[in-house]
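Inspection log for the structure reproduced underneath, given as structure tokens.
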């Protein structure tokens, strides 16, 4: 008998029919003897319907009242799912965030969980009930309703799993697991049986939008085994866990290939090479609320240096304007840039003990005559920026080079 | 500066535009220096939308979960109205029933209020805020969300007014007050400036569906001055209060004429006149969940008696079947009945000190050749049952006879 926390998102509970399907799935776990806590989001479309109402009464609605309103979305779902479970003969009881209580700080719309009192949930589990919890919401110490912000239901599920010391936290989605890369680009991409929290974080931040970054961090911090599964298809999904699993001897060096087409590259040339120049260039960019991703500074020649960095595509025009102003201020040369780049990354905890990984990557790209424009590395990741038009070619070449291709059927 | 509790029902807050209009009205009271607590219902249509969802997941949904779901309706409205008030520069803060808390018993779907802690509301009023409260809902002592049942928002408003010792509880509706009778039947019907709780209870139970019976009882019990007003038209409405008001000398004997077409009459003849016969006849009717209104038993002749009573039209067929079975059991004569009757009542606390009122009523009906089939009286009411086709004629005749007609314009 295991204690499992399951999370179903807005699409999975998007209609009464789907809620009934979810109830059926939960009933299966109960029949197998598991204790189940279910975290649900608002039915898909409901949050937008509410936001539209708010926009009609106020241009800048109070954040406190937005939370009071938005929190009703999940409250409807917990009631409906509990009813559906009862209808299938499974005793169930619902909890809002405030009823648990899930205590958060008072940052309405993006509150952070401070503590969870698991007493009531435990009592209901002991009484034989499935416990259905409203995701995405909590209550501050003054009793005000709060919401956790986008993706908050994943966080609720992980936090509950941590508080209850659950055996597993299962996140049900519209994919059947985490893949070695996007199967639309590489048909022979494979579902991963397991992946580490660190790898998942790198994959997620690089554009694999299966899981909310914050919930993966949270799961890693509290060591909650996380599993990504498909809501309506059978299958083991992908287990996200710490890297000290038993079969680590057989662990592949590279777990996956991530890519991102949504970045733009900016270069400023002939920058006087003095201490603090990086801050002078990037400070104004950050001040303009633009997130910077990769940064490369070449060694100085003739007391000047070239400086290249990437930002999100949407911020490109603004960043170019800021950078041109900076160039004038600091007496640098010309400013150039392009949005037609892509970032391709290999991710794997195995590279810690395999120093040759970057060379293998560069060799594979060279073989395809793909020029590398920038390089950036972390402990478990190597990223390169290339011309956008080569992205599929690069991903396929790397997928093969690192032995990730599924065997021919 | 007065403390006013105002209640706006589902139609008054049925769209973002109407919510903005309600906010404007409240802003007016605030500008005049009043402290305002507002109780609101779910937007019209919302409760039915939710009920339809529930029906799609379960045939007999759990009452606890129904309350969790239904309570979101008012929660959305309190948030929207608070936003609308803020947008008009009026500081406002919302409360769900659980946040106040309004503590009820655990009878889901028809809970009764046990206590209200007014501390938080008072704090917010002192801080200069309009307080917007979700009607119709509360929380039991275990923290479960409850609802008060139909018309519950009126009860919430009255209970809050009592707890806060408010100067007035204003119920906003789609009529501009309580009338001497239905203006559609008597064009010269007049709006009453004031009416007593007792009179209002008699009027309400006789078919004037402006206020929920329970809330009027509650207001009377705690002596909360209640005012019925139109949501979107200006005017003083009708004040419902105790009968010891200053101008009671000039009080009319009769306050209003009520009528009800929705009753049916049943007669059982030749009933053996033995003790307990009333229970033998009416017991099975009540056991079949049929409400009985008027009861008339004639004096016995030849050791048998005739027995007549009225029930709601909708229960007529069922009641006839039950009564026929009873007739056989107790050896009574034939059973007959009709749905084409109407009940007409005169209501007024003045009749306590004016014994001739019933005679005046019978005389007025006799003048119009209207036959009286049954008579029933209370301390402040005389009701007669007549042929349904004479109802308008009877109401107009009585309205004139008791001097209730508005002066000619």
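Chains as they are written, first to last, in the numbering used here: chain A, 1 to 409; chain B, 1001 to 1409. The beta carbon of each residue, even a glycine, is placed where N, CA and C say it ideally should be.
Under 7 Å from the C-beta of residue i: neighbouring residues of chain B
| i | result |
| --- | --- |
| residue 418(A) | Outside the displayed range of chain A (1 to 409) lies residue 418(A), so it cannot be described from this structure. |
| residue 72(A) | 1072, 1075, 1076 |
| residue 99(A) | 1143 |
| residue 83(A) | 1054, 1057, 1058, 1061, 1062, 1065 |
| residue 16(A) | 1053, 1056, 1057 |
Residues near residue i by beta carbon distance below 8 Å, same chain, minus five either side
| i | result |
| --- | --- |
| residue 414(A) | Nothing in the structure corresponds to residue 414(A), since chain A is present only between 1 and 409. |
| residue 412(A) | One cannot answer for residue 412(A) here, as it falls past the ends of chain A, which runs 1 to 409. |
| residue 423(A) | No answer is possible for residue 423(A): it lies beyond the span of chain A, which begins at 1 and ends at 409. |
| residue 360(A) | 401, 402 |
Cut-off 7 Å between Cβ atoms - residues of its own chain near residue i, not counting five sequence neighbours on either side
| i | result |
| --- | --- |
| residue 1109(B) | 1063, 1066, 1067, 1147, 1149 |
| residue 1145(B) | 1067, 1068, 1071, 1098, 1137, 1139 |
| residue 336(A) | 267 |
| residue 388(A) | 261, 340, 341, 342 |
| residue 974(B) | Residue 974(B) cannot be examined here, being either before or after the span of chain B that is shown, 1001 to 1409. |
| residue 352(A) | 379, 380 |
Closest by C-alpha distance to residue i, when choosing among the options
| i | options | result |
| --- | --- | --- |
| residue 390(A) | 379(A), 365(A), 376(A) | 365(A) |
| residue 299(A) | 154(A), 329(A), 308(A), 46(A) | 308(A) |
| residue 1334(B) | 1285(B), 1262(B), 1268(B) | 1268(B) |
| residue 236(A) | 173(A), 326(A), 48(A) | 173(A) |
| residue 1133(B) | 1354(B), 1126(B), 1120(B), 1141(B) | 1120(B) |
| residue 1223(B) | 1356(B), 1168(B), 1051(B), 1265(B) | 1168(B) |
| residue 9(A) | 291(A), 171(A), 164(A) | 171(A) |
| residue 1256(B) | 1265(B), 1238(B), 1264(B) | 1238(B) |
| residue 254(A) | 356(A), 407(A), 184(A) | 356(A) |
| residue 1021(B) | 1303(B), 1234(B), 1378(B), 1306(B) | 1234(B) |
| residue 101(A) | 111(A), 116(A), 107(A) | 116(A) |
| residue 281(A) | 301(A), 190(A), 305(A) | 305(A) |
| residue 286(A) | 311(A), 274(A), 275(A), 34(A) | 311(A) |
| residue 1370(B) | 1399(B), 1378(B), 1385(B), 1091(B) | 1385(B) |
| residue 203(A) | 225(A), 177(A), 221(A) | 177(A) |
| residue 1035(B) | 1274(B), 1127(B), 1057(B), 1227(B) | 1127(B) |
| residue 278(A) | 225(A), 332(A), 142(A), 302(A) | 332(A) |
| residue 1135(B) | 1288(B), 1075(B), 1027(B) | 1075(B) |
Cross-chain neighbours of residue i in chain A, by beta carbon under 7 Å
| i | result |
| --- | --- |
| residue 1080(B) | 53, 54, 57, 69 |
| residue 1019(B) | 57 |
| residue 1094(B) | 65, 68 |
Whole-number beta carbon distance between residue j and residue i, since they are thought to touch under 8 Å
| i | j | result |
| --- | --- | --- |
| residue 113(A) | residue 159(A) | 5 Å |
| residue 272(A) | residue 210(A) | That pair is no contact at about 45 Å. |
| residue 1003(B) | residue 1164(B) | 6 Å |
| residue 1131(B) | residue 1093(B) | 6 Å |
| residue 296(A) | residue 374(A) | 5 Å |
| residue 240(A) | residue 294(A) | No, residue 240(A) and residue 294(A) are not in contact; Cβ-Cβ is about 25 Å, not under 8 Å. |
| residue 12(A) | residue 231(A) | 4 Å |
| residue 1053(B) | residue 80(A) | 6 Å |
| residue 186(A) | residue 399(A) | 5 Å |
Contacts of residue i in chain B (Cβ-Cβ under 8 Å)
| i | result |
| --- | --- |
| residue 50(A) | 1076 |
| residue 86(A) | 1058, 1061, 1062, 1065 |
Close-in-space but distant-in-sequence residues of the same chain around residue i (CB under 6 Å, 5 per side omitted)
| i | result |
| --- | --- |
| residue 193(A) | none |
| residue 1345(B) | 1206, 1258, 1381, 1383 |
| residue 1246(B) | The pLDDT assigned to residue 1246(B) is 49, lower than 50, so where the model puts this residue is not dependable, and the model offers no usable value. |
| residue 1215(B) | 1154, 1155, 1158 |
| residue 320(A) | 337 |
| residue 14(A) | 43, 44 |
| residue 1327(B) | 1268, 1335 |
| residue 1190(B) | 1180, 1406 |
| residue 103(A) | 114, 115 |
| residue 1033(B) | 1001 |
Taking a Cβ distance cut-off of 7 Å, strictly less, list which residues of the segment 1127-1159 of chain B are near chain C, in chain order. Going by chain labels, chain C is absent from the structure shown, which instead holds the protein chains A and B.
**Prompt:** Between the segment 1042-1053 of chain B and the segment 1083-1100 of chain B, are three or more C-beta pairs nearer than 8 Å?
**Reply:** no
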